[in-house]
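**Student:** Residue 15 in full-length UniProt numbering sits at position 15 of the sequence shown; the count goes up by one each step and never skips. Cβ coordinates follow ideal geometry from the N, Cα and C atoms, glycine included. Keep in mind the model is a prediction, meaning the values are calculated, not measured.
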Amino acid sequence: MPLSKIIKNALISVSDKTNILKIAQILIKNKINLFSTGGTSEILKKNQIPITEISDYINFPEIMNGRVKTLHPKIMGGILRRPRQDQDIMKLYNIEPIDIVIVNFYPFEEGKYITTNNIDDIINNIDIGGPTLVRAAAKNYQNVIVIVDLYDVELIINSIINNTFNIEKRLYLATKAFQYTLNYEKNISEYFLKKNTLNNNYRKDLFPEEIKLSFIKKQDLRYGENQHQKASFYIEKNILQSGTISTTNQIQGKSLSYNNISDADIALECVKDFQEPACVIVKHQNPCGVAVSHCLLESYLSAYQADSISAFGGIVAFNSSVDENTAKAIINTQFVEVIIAPKISNLALKTLEKKQNIRVLISGSIKKNKIGLDFKRITNGLLVQEHDTCDVDDQKWKCVTQRYPTEQEQKDAVFCWKVARFVKSNAIVYGRNQTTISIGAGQMSRIYSTKLANIKVQDQGRNNIMGATMASDAFFPFRDGIDSAALFGISCIIQPGGSIRDKEVIQAANDHNISMIFTNKRHFKH
1 MPLSKIIKNA LISVSDKTNI LKIAQILIKN KINLFSTGGT SEILKKNQIP
51 ITEISDYINF PEIMNGRVKT LHPKIMGGIL RRPRQDQDIM KLYNIEPIDI
101 VIVNFYPFEE GKYITTNNID DIINNIDIGG PTLVRAAAKN YQNVIVIVDL
151 YDVELIINSI INNTFNIEKR LYLATKAFQY TLNYEKNISE YFLKKNTLNN
201 NYRKDLFPEE IKLSFIKKQD LRYGENQHQK ASFYIEKNIL QSGTISTTNQ
251 IQGKSLSYNN ISDADIALEC VKDFQEPACV IVKHQNPCGV AVSHCLLESY
301 LSAYQADSIS AFGGIVAFNS SVDENTAKAI INTQFVEVII APKISNLALK
351 TLEKKQNIRV LISGSIKKNK IGLDFKRITN GLLVQEHDTC DVDDQKWKCV
401 TQRYPTEQEQ KDAVFCWKVA RFVKSNAIVY GRNQTTISIG AGQMSRIYST
451 KLANIKVQDQ GRNNIMGATM ASDAFFPFRD GIDSAALFGI SCIIQPGGSI
501 RDKEVIQAAN DHNISMIFTN KRHFKH
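1. Give me the residue from Gln402, Thr181 and Gln410 with the minimum Cα distance to Lys396.
2. Are the CB atoms of Ile482 and Val505 within a distance shorter than 9 Å?
3. Counting pairs of Cβ atoms below 8 Å between the region 291-302 and the region 444-456, do you hit three or more?
4. Tell me the rounded alpha-carbon separation between Arg501 and Ser310.
5. For the beta strand (DSSP E) that Ala468 lies in, which residues bound it at each end?
6. Would you call the region 117-129 and the region 155-162 touching, i.e. three or more CB-CB distances under 8 Å?
7. Using a threshold of 9 Å, state whether the C-beta atoms of Ile20 and Val14 are closer than that.
8. Below 8 Å on the Cβ atoms is my guess for Gly289 versus Thr436; work out the distance and round it to an integer in Å.
9. Straight-line CA distance for His526 to Gln142?
10. Does Pro287 pass the burial test, meaning 16 or more other C-beta atoms within 10 Å, or should it be called exposed?
11. Taking the alpha carbon of Phe415 as the reference point, which residue from Ser308, Cys279, Leu44 and Glu386 has its own alpha carbon closest?
12. DSSP three-state call for residue 543: helix, strand or coil?
13. Can you name the start and end residues of the alpha helix (DSSP H) that Gly308 belongs to?
14. Starting from residue 568, trace the alpha helix (DSSP H) in both directions and tell me its first and last residue.
15. Could you check the C-alpha separation between Gln385 and Ile63 for me, to the nearest Å?
16. List the whole-angstrom C-beta distance separating Ala468 from Gly440, where the pair is believed to meet the contact cut-off of C-beta under 8 Å.
17. Can you check DSSP and say which residues form a bridge with Gln460?
18. Quick one: what does DSSP say residue 552 is sitting in, helix, strand or coil?
19. For the beta strand (DSSP E) containing Cys295, list its first residue and its last residue.
20. Kindly indicate which residue of Tyr57, Tyr404 and Asp391 has the alpha-carbon position closest to the one of Asp273.
21. Using the rule of at least 16 other Cβ atoms within 10 Å of the residue's Cβ for burial, across every protein chain shown, is Lys521 buried or exposed?
22. Suppose only complete runs of 3+ residues qualify. What are the beta strand (DSSP E) ranges in the UniProt domain "MGS-like" (1-148), listed by chain order?
23. Take the Cβ of residue 528 as the centre, count every other Cβ of all protein chains shown within 10 Å, and call the residue buried at 16 or more, exposed below.
24. How about Ile95 and Leu11: do their beta carbons lie closer than 9 Å?
25. Which first and last residues belong to the beta strand (DSSP E) in which residue 530 is found?
26. Would you give the residue range spanned by the beta strand (DSSP E) that Gly440 belongs to?
27. Are the region 126-146 and the region 67-76 in contact at 8 Å, needing three or more beta carbon pairs?
28. Under a three-way DSSP split, which group does Leu193 fall into?
29. Roughly how many whole angstroms lie between the Cα atoms of Ile366 and Pro61?
30. Quick one: residues in its chain with C-beta nearer than 7 Å to the C-beta of Phe335, no 5 flanking neighbours on either side, listed in chain order?
31. How many Å lie between Ile126 and Leu150 at the Cα?
32. Measuring CB to CB, does Gln252 end up less than 9 Å from Val360?
33. Three or more C-beta pairs under 8 Å: does that hold for the region 322-332 against the region 349-364?
34. Rounded to whole angstroms, how far is the Cβ of Leu34 from the Cβ of Thr18, which I believe are closer than 8 Å?
35. Starting from Gly431 and walking both ways along the beta strand (DSSP E), at which residues does that stretch end?
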C-alpha cells in the first residue's frame with residue numbers, strides 16, 4: 001500500500017527548529033502534506049518547502065499576538081478522529097486527518113531566560129496550544145504519531161517510509177510525549193512557587209516532612225552488582241525527560257545489567273558538561289578517560305589513550321552524533337560494554353552491528369539537568385541532598401600563588417574541575433589540552449590518590465607530564481600532594497582551598513613555580 005494512503009498529513013509547530021528543514025524535506029519527498037504555524041511556517045516557506053498555513057486551513061487568523069492559533073475544532077478533530085467512527089463528521093466539516101504531530105515547546109526551564117525576564121514576559125511565553133496538541137496526539141496514539149524530540153524523527157523515519165511503524169513505537173512516543181508535557185508544566189509550577197511572595201520558604205520546601213516517591217518498573221535485570229543479587233530498573237513516574245539513562249532507547253546488544261546502567265548514567269551526565277565534541281569512558285563508576293576535541297573521533301581516541309587499560313570493558317559516552325569513522329575506531333580499538341550518544345548515524349549503526357553484543361543506547365537531545373534532589377539509601381533510612389551542580393564561573397575563582405595560570409592552564413583547569421566532580425573521593429585528575437592524563441580515585445588519603453595518579457603516568461611510560469593541570473575535589477590537608485605532583489611536571493593546580501594549612505600548601509606551589517587556583521567549592525562524591 002502506498003505511503004501516502006497510510007500517512008497523509010503532518011502538523012509541525014516547533015520552538016527548537018534544529019534539523020527541521022531536513023525533516024520537512026524527508027516528509028515532503030514521501031508525499032506527506034505539511035501543516036504549520038508562525039515561525040516554523042516562515043522558515044519552511046523561505047526554503048521553498050510547500051506547507052499549508054493553519055490559519056488558511058481553518059479559515060481563521062492567528063489572534064491575540066499568536067496566543068490563539070491551533071485551538072480549533074478542525075485541528076483537534078483531525079488529531080482526535082477515530083477512523084471507523086468519525087468519517088461522516090469529518091466529511092461534513094471538511095476535517096483532514098492529521099497523522100503526525102511534531103511539536104516542542106519554548107524551553108521554559110532555561111534558567112538564564114527565567115532570571116533575565118520579569119513575570120509578565122514569562123507568562124507570555126507559556127505554551128498553551130503546543131501541550132494541547134501533544135496531549136491530543138498522545139491520547140490517540142493508535143492513529144497519530146506524536147514526536148516531541150526531533151531526534152526521534154530520524155530514528156523512526158525509515159519505519160514511516162517502509163510502512164513498519166508498529167503500535168509499540170507509537171506507544172513509546174506517546175509515553176514520551178506525556179512525560180514531556182508533565183515536566184514542562186512542573187517547571188512552570190516551580191517557577192510560580194518561587195515567585196509567590198506568600199511562599200518565602202521555598203528552599204525549606206525542598207525537604208518536606210514526608211517524602212513520597214513514585215517509580216515504575218522499566219525492566220528486570222539479569223542480576224545486581226553480583227550474580228547472587230536480584231535486581232530491577234525503576235524509573236521516575238512523574239519526572240522524566242529526554243537525554244537521561246532512564247529515557248534512552250536501546251537499539252542493539254544484550255540486555256543492560258545493573259552495573260551497566262549505573263556506569264552509563266555517570267558517563268552521560270559527565271559528557272553533558274562539555275559543549276564541544278567530547279567523549280567520556282567510565283569504568284566502575286569512575287571516569288577513566290575524558291577528552292574534548294574538534295571532532296568526535298579525536299575525542300574518542302584521546303579518551304581511550306588516556307587509560308587504555310582501564311577502558312577495557314568500559315562505558316563510552318558521547319555528547320554529539322556518532323559517525324561511521326568513530327564507530328569503526330571503537331570496535332577496532334577496544335572491547336566495550338555500552339555506547340551511548342544523542343544519535344548515531346545509519347552507517348555507524350551498520351558498523352556496530354558487526355559486534356551484536358555491544359549495547360547501543362540512543363539518548364536523544366541532551367542538556368544539563370536542572371537542580372534537583374539526590375537520594376542515598378541507608379539501613380532503615382534515606383539521605384537527601386541537593387544535586388551537586390558545577391556551573392563554572394572562573395571569574396569568581398582566585399589565583400593564590402605568585403605565578404598566574406597561562407591561558408591554556410586556565411582552560412585545562414576548567415576541564416579538569418568538571419571531570420573531578422564525577423570521580424569518587426578522594427579525587428585527583430591530571431589533564432592537558434582538555435584530555436585527562438591520569439586519574440586517582442577513591443582513596444582514603446588524598447596523597448594516595450595523587451600517588452595513584454603518578455603510578456598511572458609511570459605505567460604509560462612517561463617521565464613527566466610537564467605543563468599539565470591537576471584538579472583536586474577537596475582541599476589539600478598537607479603540602480605532600482603538591483610536592484608529589486610537582487615531581488611529574490604539574491604546572492597548575494585547581495582546588496577548593498579552605499585547609500588550616502593553606503599557607504603551607506600555597507608555599508609548596510610557589511616553591512615549585514606552580515600556579516594555584518582556589519574555587520571555594522568542593523565536589524566530594526561518595
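**Tutor:** According to the structure shown:
1. As a position in the sequence shown, residue 396 is number 396, starting the count at 1. With distances taken between Cα atoms, Lys396 lies closest to Gln410.
2. As a position in the sequence shown, residue 505 is number 505, starting the count at 1. As a position in the sequence shown, residue 482 is number 482, starting the count at 1. Yes.
3. no
4. In the sequence shown, counting from the first residue as 1, residue 501 sits at position 501. In the sequence shown, counting from the first residue as 1, residue 310 sits at position 310. Answer to the nearest angstrom: the Cα atoms are 34 Å apart.
5. Position 468 of the sequence shown, counted from the start, is the residue given in the question as residue 468. Unbroken beta strand (DSSP E) run through Ala468: Ala468 to Ser472.
6. no
7. The residue given as residue 20 occupies position 20 in the sequence shown. The residue given as residue 14 occupies position 14 in the sequence shown. It is a contact, given that the beta carbons lie within the stated cut-off.
8. Walking along the sequence shown from the start, residue 289 turns up at place 289. Walking along the sequence shown from the start, residue 436 turns up at place 436. Yes, Gly289 and Thr436 are in contact; Cβ-Cβ is about 6 Å, under 8 Å.
9. By 1-based counting over the sequence shown, the position of residue 526 is 526. By 1-based counting over the sequence shown, the position of residue 142 is 142. One C-alpha to the other measures close to 46 Å.
10. By one-based count along the sequence shown, residue 287 stands at place 287. Pro287 should be labelled buried.
11. As a position in the sequence shown, residue 415 is number 415, starting the count at 1. Here the closest residue by C-alpha is Cys279.
12. Given a span of 1 to 526 for the chain in the structure shown, any question on residue 543 remains unanswerable.
13. In the sequence shown, counting from the first residue as 1, residue 308 sits at position 308. Inspection of the sequence shows that residue 308 is occupied by Ser rather than by Gly. Its alpha helix (DSSP H) spans residues Ser308 to Ala311.
14. It is not possible to answer for residue 568, since the shown part of the chain is limited to 1 through 526.
15. By one-based count along the sequence shown, residue 385 stands at place 385. By one-based count along the sequence shown, residue 63 stands at place 63. Taking the straight line from one Cα to the other gives about 46 Å.
16. Taking the sequence shown and counting its residues from 1, one reaches residue 468 at position 468. Taking the sequence shown and counting its residues from 1, one reaches residue 440 at position 440. So it is not a contact: roughly 13 Å between Cβ atoms.
17. Looking up residue 460 in the sequence shown gives position 460. Paired residues: none, contrary to the question.
18. Coverage of the chain is limited to positions 1 through 526, which leaves residue 552 absent and any answer about it impossible.
19. Within the sequence shown, numbered from 1, the residue matching residue 295 stands at position 295. Per DSSP, Cys295 belongs to no beta strand (DSSP E) and is neither H nor E.
20. One-based indexing of the sequence shown puts residue 273 at position 273. Nearest C-alpha to Asp273: Asp391.
21. Looking up residue 521 in the sequence shown gives position 521. That one is buried.
22. 9-14, 33-36, 100-104 and 145-147
23. Outside the shown range of the chain, which is 1 to 526, sits residue 528, and nothing can be said about it.
24. By one-based count along the sequence shown, residue 95 stands at place 95. By one-based count along the sequence shown, residue 11 stands at place 11. Contact: no.
25. What is shown of the chain runs 1 to 526, which leaves residue 530 out entirely.
26. On the sequence shown, position 440 is the one that residue 440 refers to. Where Gly440 is concerned, the enclosing beta strand (DSSP E) stretches over Thr435 to Gly440.
27. yes
28. As a working note, residue 193 is residue 193 in the sequence shown. Residue state, collapsed to three classes: helix.
29. Translated into the one-based positions of the sequence shown, residue 366 becomes position 366. Translated into the one-based positions of the sequence shown, residue 61 becomes position 61. So the two alpha carbons sit approximately 36 Å from each other.
30. Numbered from 1 along the sequence shown, position 335 holds the residue referred to as residue 335. Answer for Phe335: Phe312 and Gly313, listed in chain order.
31. As a working note, residue 126 is residue 126 in the sequence shown. As a working note, residue 150 is residue 150 in the sequence shown. Answer to the nearest angstrom: the Cα atoms are 20 Å apart.
32. The count along the sequence shown starts at 1 and reaches residue 252 at position 252. The count along the sequence shown starts at 1 and reaches residue 360 at position 360. Yes, Cβ-Cβ distance for Gln252 and Val360 is below 9 Å.
33. yes
34. Within the sequence shown, the letter at position 34 stands for residue 34. Within the sequence shown, the letter at position 18 stands for residue 18. That belief does not hold up - the Cβ atoms of Leu34 and Thr18 are roughly 17 Å apart, past 8 Å.
35. Within the sequence shown, numbered from 1, the residue matching residue 431 stands at position 431. First-last of the beta strand (DSSP E) with Gly431: Ile428 to Arg432.
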